[in-house]
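Written out below as structure tokens is the structure these notes cover.
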Amino acid sequence: MNKILIVDDEPNILLSLEFLFKKEGYKVFIARDGEEAMDIIEENDPELVILDIMMPKVDGYEVCRYLKKNHKDVKVIFLTAKSKHQDIQKGMDLGADLYLTKPFSTKDLVNKVKTLMN
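Structure (structure tokens):
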């Protein structure tokens, strides 16, 4: 079973994405901040991380740096409200596989996750 970690400090997004991806057959872990995300990554070794940027404690950029240094094979999708060109460029430069902005289409997100997981 493919494992996904969803990291977002917005409870509605976090819980709706958790429900959505469980329904799609994925094993889903959730984290409410970057610090919690890094602990879950070490304990559960997900194949893909859906990552917000603006979060308490440790931001999404730092989590992505950590992933690309310590878990190079993990796919990263930034899912964030930060939509300026420099934000997107920074995310891609850090090694993200995809950068999506909020609001977003859940159908599109599911399709992109399926593509990255294959």
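For the sequence shown, this note's numbering begins at 6 and goes up steadily by one. Idealized CB from N, CA, C, for every residue including glycine. Everything numeric in this text was worked out from a predicted model, so none of it was measured.
Could you tell me which residues DSSP pairs with residue i in its beta bridges?
i      : result
Val54  : Leu10, Val81
Tyr104 : Phe83
Ala36  : Val12
Taking the alpha-carbon positions, what's the residue i to residue j distance?
i     : j      : result
Ile45 : His90  : 30 Å
Arg37 : Asn116 : 24 Å
Leu53 : His76  : 11 Å
Val81 : Met6   : 18 Å
Glu48 : Tyr71  : 15 Å
Met59 : Lys119 : 25 Å
By a C-beta neighbour count over all protein chains shown, 10 Å radius and 16 as the cutoff for buried, is residue i buried or exposed?
i      : result
Asp57  : buried
Leu20  : exposed
Phe24  : exposed
Asp113 : exposed
Pro51  : buried
Less than 6 Å separating the Cβ of residue i from some heavy atom of the ligand GTP?
i      : result
Leu121 : As presented, the structure is devoid of all ligands, the ligand GTP included, so that no description of it is given.
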